[in-house]
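For reference, the structure discussed in these notes is given below.
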Amino acid sequence: MTDTALLSVEEMYQADAAAARAGVPGLALMEAAGTAVFREIRQRWPTPRPTVVLCGPGNNGGDGFVVARLLREAGWPVRLALLGDRARLKGDAAANARRWTGNVLPLDGPALLDGCELVVDALFGAGLARPLDGPARAVIEAINQRCLACLAVDVPSGVHGNTGQVMGAAPQATVTVTFFRAKPGHFLRPGRDLAGALVVADIGIPEAVLADIAPQTAFNAPGLWLERYPWPNFESNKYTRGHAVIAGGSEMTGAARLAARGARRIGAGLVTIATSPEAFPIYAADMPGTLVKPLAGRGGFGEFIADPRRNAVLVGPGAGVNEITHRRALAALAAGKATVLDADALTVFARKPKALFEAIGGPCVLTPHEGEFARLFKLEGDRLTRARAAARQSGAVVLLKGSDTVIAAPDGRAAIDASAPPELATGGSGDVLAGFVLGLLAQGMDAFGAACAATWVHGSAAADFGPGLIAEDLPERVPGVLRRLRAAAGHSRQPESE
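Heads up: the sequence shown is residues 805 to 1302, going by our numbering.
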C-alpha cells in the first residue's frame, strides 16, 4: 500500500520524526519543502507578480519564510505577513525567519492583500486543532471574496488533514503542494475541492519510514490492487472465471439487468439472474448471454445457489424491500458465498441491522449510499471514520458511495476513491457498480480488492464516456479501461522476442 498510501496527521508527524532519526535534519526538510513550493509557483506562474506570503506560527509558517526568500531572490515582488510574534517562533521556523531579510508585516486583516495577484497560504498545516477565527479567518475569507490565485502549503488553512472538513473557513486554492505523501483530507470533500490541483513533493524523507508506520489508508488507484487483478490466461474457461448469481426483482427488472451486464463485462464467466416465474420472460428476452433461472417455492433461491460452482451472489438491485429480499440475502450469507448486498438488501435490515451483521461470516461487500448507510449504522463523524467503524461493526467490506467514495475493510484498511466524475449521478449507475464488484468476486478476487478495483473501473469508464452518460454506457466502456490496465500490469498476449 506504500505507493498509494495516505498518511494521517499523526502518521506524518511520525514520518518527520523517523527522518530526523535517520539523519535528515529538520532544517533540510523545511528548505526542501519551501523549494518545492517555489518551483511549483515558477512553473504555474512564470511571470513574476505581486505576491503575499501568509505565515503561521508553526512549521507551516517556516515553509512560508523559505518560499518568500526564494521568490525575492528570483526577483519577485513579495510581501510577508506573520500571524503572531516573530520572537515566539521556535526551531526550524525561527531559523528560517532569521534568514528572511525583508519586512515582516502583521497579519491583521484583509488590507494586507491589497494589490496582490497571488497568495501563498502557509498559515496552518493539516493538524489544525480548532476553527479559524479573528484576523486569520478574515484574511482567508477575503482571498475567496476577491477570487485571488492561491497556493496552499500542505493543505488549505482551515481544512483538517484527516477528514477534509473545514474548520471555520478555508481558501479556495488553485494548487496545493504537500510533502512525502498526501493525506486523507486531500481526497475527502470538501477538502478535495478546496485543494485545487494536488502536488505531492519529495522533500527527502526516506521511503523506509513507511515500514514502521504501516499506513492503513490509501487513495484508490491500480497500484493498490493491480497485482491481484484476476486476468484470464490461456487455461481459463467460463467455469474457472466464476459463476455469479443475481437475485432479480419482479418489478424493477432493469436494475438486475444492469448489474448482470456489468458482471459479465468485467469478466465473470457465467452470470445467472434468478427470479420469479412471472418475471422470467422479461429477463429471458433481454441479453442472450445472461442465463435466467425461474425459481419456485420459498427455498428455491437457497437451493439454486447451493451448487458450489455458483460462487458469488448479488442481492438488492430492484429487489424490493420485502420478506423475499430479506430471505435471499440471509440465504446467500448462510451458503458462504462471496456476497454483495446493495440497495433494497440493505434497507430491508434497517430495523434489525444486528441480524445482518451476525449473518456475515464470509467475503461480503455492502454498497450503501449515504441514506442506506444511515439506516444501517448509527455512526457519526467524517466519511472515513464512519466507513471504518461500519466495516468493523458489520464484518463486511463497506463501500460507502459518493463523489468521495470510501472503501473500508474490517481489518482497518481503507481506500478513498476520487475517480468518479459528476456524470455518474444517474439512475442505475450503482447497479452497474454492484455488478462490477460481483464479477470480480466471482473470479476469486478478495472482497476489499474487488470493491476497490470495481470502484476505480466504474469511475474510469464514466470519465471515458463523459457528458451524456447513462448507466447502460458504463459496461460498454469497460473493455477500453481494462486494456489500459492490462498494459500497465505488463500483460501481453504476444510472445516476447529474444
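In this text, a Cβ means the ideal position worked out from N, Cα and C, and glycines have one as well.
For clarity, every value in this text was computed on a predicted model and none was experimentally measured.
Cα atoms of Leu-1099 and Gly-1046: separation of roughly 21 Å, rounded to the nearest angstrom. Within a 10 Å sphere around the beta-carbon of Asn-1126 sit fewer than 16 other beta-carbons, which makes this residue exposed. Per DSSP, the continuous beta strand (DSSP E) segment holding Val-1096 begins and ends at 1095–1098.
Val-1013 sits in a helix when the DSSP states are folded into three classes.
Note: Ala-1018 is not bridge-paired with any residue in the DSSP secondary-structure output. Taking a contact as a CB-CB distance under 8 Å, the pair Asp-925 and Leu-955 counts as one, their CB atoms being some 7 Å apart. Ile-1220 and Asn-966 have their C-alpha atoms spaced approximately 12 Å apart. One alpha carbon belongs to Lys-1042, the other to Asp-1215, and they sit about 32 Å apart. Taking the C-beta atoms as reference points, Leu-952 is found nearer than 8 Å to Cys-920. For Asn-1024, there is no enclosing beta strand (DSSP E), since its DSSP letter is neither H nor E. In this chain, the beta strand (DSSP E) harbouring His-1047 covers 1047–1051.
When Cβ pairs closer than 8 Å are counted between the two stretches, the stretch 1002–1018 is seen not to touch the stretch 1030–1042, the count staying below three.
About 6 Å separates the CB atoms of Asn-900 and Met-834; that is less than 8 Å, so the two are in contact. With fewer than 16 other Cβ atoms from the protein chains shown falling within 10 Å of its own Cβ, Tyr-817 counts as exposed. In terms of Cα proximity to Ala-1194, the closest of Lys-1158, Leu-1228 and Ala-1224 is Lys-1158.
Buried is the label assigned to Glu-1176, since at least 16 other Cβ atoms lie within 10 Å of its Cβ. Rounded to the nearest whole angstrom, the C-alpha separation of Asp-937 and Ala-823 is 33 Å. Unbroken alpha helix (DSSP H) stretches of 4 residues or longer found wholly inside the stretch 926–992: 938–949, given in chain order. Distances from the CA of Arg-853 to each of Phe-869, Pro-881, Ala-836 and Ala-974 were compared; the closest alpha carbon is that of Pro-881.
Burial state of Ala-933 is exposed, judged by a 10 Å Cβ sphere holding fewer than 16 other Cβ atoms.
Distance check between Arg-843 and each of Arg-1290, Pro-935, Ala-1022 and Ala-1005 places Ala-1005 closest, using alpha-carbon atoms only. In terms of Cβ geometry, Thr-980 and Val-959 form a close pair [threshold 8 Å].
Just so you know, the alpha carbons of Pro-1092 and Pro-1010 end up roughly 55 Å apart. Under the three-state reduction of DSSP output, Asp-889 falls in the coil class, being neither helix nor strand.
Taken atom to atom, the span from the alpha-carbon of Val-828 to that of Ala-1292 is near 34 Å.
Selection Gly-1122, Ser-1040, Asn-1037 and Phe-1038 evaluated against Ala-1078 yields Gly-1122 as nearest (Cα-Cα). The Cβ neighbour count for Asn-1037, taken over all protein chains shown within 10 Å, is under 16; the residue is labelled exposed. Taking the CA atoms as reference points, Pro-988 sits about 29 Å from Arg-1281. Take the alpha-carbon of Arg-985 and the one of Arg-876: they are about 28 Å apart. When DSSP reads this structure, Leu-1203 sits in a beta bridge with Ile-1211. Looking at Asp-918, Glu-1276, Pro-1019 and Arg-941, the one whose alpha-carbon comes closest to that of Val-856 is Asp-918. The Cβ atoms of Leu-1183 and Ile-1164 do not sit closer than 8 Å to each other. Between Ala-946 and Thr-808, the CB-CB gap reaches or exceeds 8 Å. Around the beta carbon of Glu-815, 16 or more other beta carbons sit within 10 angstroms, so the residue counts as buried. Taking the Cα of Leu-893 as reference, the smallest distance to any Cα among Val-1285, Pro-861, Gly-931 and Gly-1253 is reached at Pro-861. Within the same chain, Cβ atoms closer than 6 Å to the Cβ of Cys-1168 are found at Thr-1143 and Ala-1200, the five residues on either side in sequence being excluded.
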